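What follows is a single structure, written as structure tokens, with notes after it.
Number of protein chains: 2
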Amino acid sequence: MKKKASLKDIAQKVGVSTALVSYVLNNKKEGRISKAVAERIREVAHEMDYRTNQIARSLKTRKTQTIGLIVADISNPFFSKLARFIEDEADKKGYTVIIGSSDEYQDKFRKLMDTFLDRQVDGLIIAAGAKMEKHLHYLIDNNIPFVLVDRYFPKLHTNYVALDNFGAAYKAVNYLLEKGRKHIGMVAYDTELHHLNERKRGYLAALKDKQFPILKGRLKEVALVNSELAIERAVTALLAGKQPVDALLLSSSYIANSAVKLINSLSIKVPDELAIISFDESEALDLFYAPITYMKQPLCEMAQLATNILLDSIEKNNKVTQVNMEAELIIRQSA
Amino acid sequence: MKKKASLKDIAQKVGVSTALVSYVLNNKKEGRISKAVAERIREVAHEMDYRTNQIARSLKTRKTQTIGLIVADISNPFFSKLARFIEDEADKKGYTVIIGSSDEYQDKFRKLMDTFLDRQVDGLIIAAGAKMEKHLHYLIDNNIPFVLVDRYFPKLHTNYVALDNFGAAYKAVNYLLEKGRKHIGMVAYDTELHHLNERKRGYLAALKDKQFPILKGRLKEVALVNSELAIERAVTALLAGKQPVDALLLSSSYIANSAVKLINSLSIKVPDELAIISFDESEALDLFYAPITYMKQPLCEMAQLATNILLDSIEKNNKVTQVNMEAELIIRQSA
DNA sequence: CTGAAAGCGCTTACAG
DNA sequence: CTGAAAGCGCTTACAG
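Chains as they are written, first to last, in our numbering: chain A, 1 to 335; chain B, 336 to 670.
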């Protein structure tokens, strides 16, 4: 095992100053260094298998070329896909990403944020949770670049890249109405998360604009976590009574999975008796006999945009960019 | 926006040396510092909202408290789940993890490895790909702590945590035979990855030990990526001919997804006409009318074990630990 | 009980 | 064209 070489080692061997070695290896002061010396420095650097110590460089330059990504849970496919696209885009620009999962908990979130800041990340990409505004205020107050993804706070003037959830739900309901459905139910979340509430708003607005009655019992809400049972109950309720629904809008692929499992066991014919549209894709929904129609989020674009907005804001602390992206209706057999 | 406070700022304000501040804040030299001064230092540190700069600390201590995780693709649920468990375990021990996806490419792998090492990670957890031994040799030669997960190289004497893939396949086939299946086919990968070949070996050995004939056409191999079509062809072939298979062992949940999609459209009755056992779980396989029986990997344990082996080896560079964990047969309706 | 000093491995403004 | 020097923000062996 050879010891790691430093600039100093190279400098000594070549017989020049570390400054010169640094300049050459970083291609600074290009024309102003004699070809011969530069050549020799590169040669020795290569011989010694020199690699620059980024920690040392970071300390001096006050840039770590690292961005922190905080999501609710990296094992959730939505976030892991997003993370992958962010990783790729960041890598392209010479940045490395460190990832943390907050599980939607404020404490974990703050702890992650602090850890990342202590490590001097250059900026953060954040899928924030409910009641996390105050931590974001800290970032704002301290002038730390960040951009929100997926979730954002309407009252907070910050960078974000999100889906136009209102529009997406509106579009979905409209499609169902066009197809002649008259009794559209929705299973959504009981939450403070603005982006999820936008989906309910879109559902209601679409019905209202087409002058369909808005029945209270048609919009069911379930908890954000561990809601499998509640989802089954909600779907059961929507399908019961004297006027069962003939279409279902499901606010997430998680809800859709649970709902479809139940419907599978109920021998209700999809889409004949019941049309289904879900938010987000999921492999599971492909395997259902009537593959589920869904509102697709442009994950790759969202990730790239978020990354680039962040990098812009790291480089020159300028304007605030807010983007609401359009969802695409992917029509398959369930609706 | 307040400027970030450093040790020096605190020292100046309190009127002591930075050394003293450092000692107090790190709880070093406990008894040997006057309570009053210590108290005052903590007070001012809190007032100034002091946070230690980990980059500076790392430069001095030569420890970054960071581990690098290299997988094939973080958006693959197998790896994202593994990553989450690793993140949790690492966090518990005060480490942060940075993640990179190699896409099974040697170049990307090496680039990631170099990037992580330049950032002075304390160690690496690696799901290596084919032909990556030479890069691992580099780590060994340079005494850099690492542990392999999921995949390993039998000829390489390194830490690893993997599944006993041979045993898992053996167990699966045995179970099928016990249930009276006589014509068991397998769809596996055509690859150099040792752990995947172990699955084939287990399949063959189980048949042999029970003196079942080993028919060449019964073991189909498909490429590691983009193999959807090949999988469909393989399954079709196994189900055709004068003696179709009555049971199928599928070497991954990806293969299982494609296979089940096809079988779904073929109106073959599972498990009556065809029993199915897959490797690894997948939400998708739950939604099939006959939920798929599978060999479950103890992901959480694997992740924790890998993390702890790495941390041990970071702290005191000692022995090599190799673990082959047992898979659990999760019996559901498909077999 | 406390401090001066060296040093981790870089970068960069300055001087020549 | 090249180098001496300062400094990034810490830690720690040493001395008193």
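Even for Gly, the Cβ is constructed at its ideal location relative to N, Cα and C. None of these values were measured; they are calculated from a predicted model.
Bridge partners for residue i per DSSP, in chain order?
i        : result
Phe279/A : Met295/A
Phe481/B : Leu459/B
Ala523/B : Glu556/B
Gly403/B : Ile433/B, Leu459/B
Glu663/B : Lys631/B
Ala247/A : Ile184/A, Ala275/A
Val379/B : According to DSSP, which records beta bridges pairwise, Val379/B is partnered with nothing at all.
Tyr160/A : Leu148/A, Gln322/A
Determine, using beta carbons only, whether residue i comes closer than 8 Å to chain B.
i        : result
Ile99/A  : yes
Thr18/A  : no
Gln106/A : no
Phe288/A : yes
Met1/A   : Below a pLDDT of 50, predicted positions are generally treated as unreliable, and Met1/A, at 48, falls in that range; no measurement from the model is reported.
Asp118/A : yes
Gln333/A : no
Pro77/A  : yes
Thr115/A : yes
Glu283/A : yes
Gln304/A : no
Glu315/A : no
Ala188/A : no
Thr307/A : no
Just checking: is the beta-carbon of residue i within a distance shorter than 8 Å of some beta-carbon in chain A?
i        : result
Thr656/B : no
Val323/B : Residue coverage of chain B in this structure runs from 336 to 670, which leaves residue 323/B outside it and unanswerable.
Ser613/B : no
Asn599/B : yes
Ala418/B : yes
Asp408/B : yes
Pro480/B : no
Arg386/B : yes
Asn361/B : no
Asn653/B : no
Ser415/B : yes
Gln632/B : no
Asn561/B : no
Ile461/B : no
Ser437/B : no
Is the distance from the Cβ of residue i to the Cβ of residue j below 8 Å?
i        : j        : result
Lys555/B : Val522/B : yes
Val323/A : Leu310/A : no
Ile67/A  : Leu124/A : yes
Ser393/B : Ile55/A  : yes
Ala237/A : Tyr203/A : no
Ala127/A : Ile70/A  : yes
Leu299/A : Leu112/A : no
Thr353/B : Leu342/B : yes
Ile421/B : Glu87/A  : no
Ser313/A : Phe279/A : no
Arg233/A : Thr431/B : no
Leu474/B : Tyr524/B : no
Glu533/B : Phe481/B : no
Ala670/B : Ala582/B : yes
How close, in whole Å, do the beta carbons of residue i and residue j come, if the pair is a contact with beta carbons under 8 Å?
i        : j        : result
Met637/B : Ala662/B : Actually they do not touch by this definition, with Cβ atoms about 11 Å apart.
Ile331/A : Thr293/A : 5 Å
Ile566/B : Ile590/B : 6 Å
Arg181/A : Ala275/A : 6 Å
Ala619/B : Asp286/A : 7 Å
Met325/A : Val161/A : 7 Å
Leu249/A : Ile184/A : 6 Å
Ser13/A  : Val44/A  : The sequence given here has Lys at residue 13/A, not Ser. Sure, about 5 Å apart at Cβ, within 8 Å.
Val356/B : Ile368/B : Wrong, their Cβ atoms sit about 10 Å apart, outside the cutoff.
Leu207/A : Val173/A : 6 Å
Please identify the residue among the options whose C-alpha is closest to the C-alpha of residue i.
i        : options                                : result
Leu176/A : Ala5/A, Lys4/A, Gln333/A               : Gln333/A
Lys134/A : Thr158/A, Phe288/A, Asp91/A            : Thr158/A
His530/B : Ile519/B, Lys545/B, Asp499/B, Phe547/B : Asp499/B
Phe451/B : Thr321/A, Ile98/A, Met132/A, Met113/A  : Ile98/A
Lys427/B : Asn643/B, Asp408/B, Leu664/B, Thr353/B : Asn643/B
Leu564/B : Gly576/B, Ala418/B, Ala594/B           : Ala594/B
Thr396/B : Val456/B, Ala425/B, Lys343/B, Ala340/B : Val456/B
Glu89/A  : Ser436/B, Asn509/B, Pro489/B, Val508/B : Ser436/B
Asn257/A : Val245/A, Asn226/A, Glu273/A           : Asn226/A
Tyr358/B : Asn477/B, Met383/B, Thr387/B, Leu601/B : Thr387/B
Tell me whether residue i counts as near the ligand COA, meaning its Cβ is closer than 7 Å to at least one heavy atom of that ligand.
i        : result
Ser587/B : With respect to the ligand COA, the structure shown offers nothing to examine, as it has no ligands at all.
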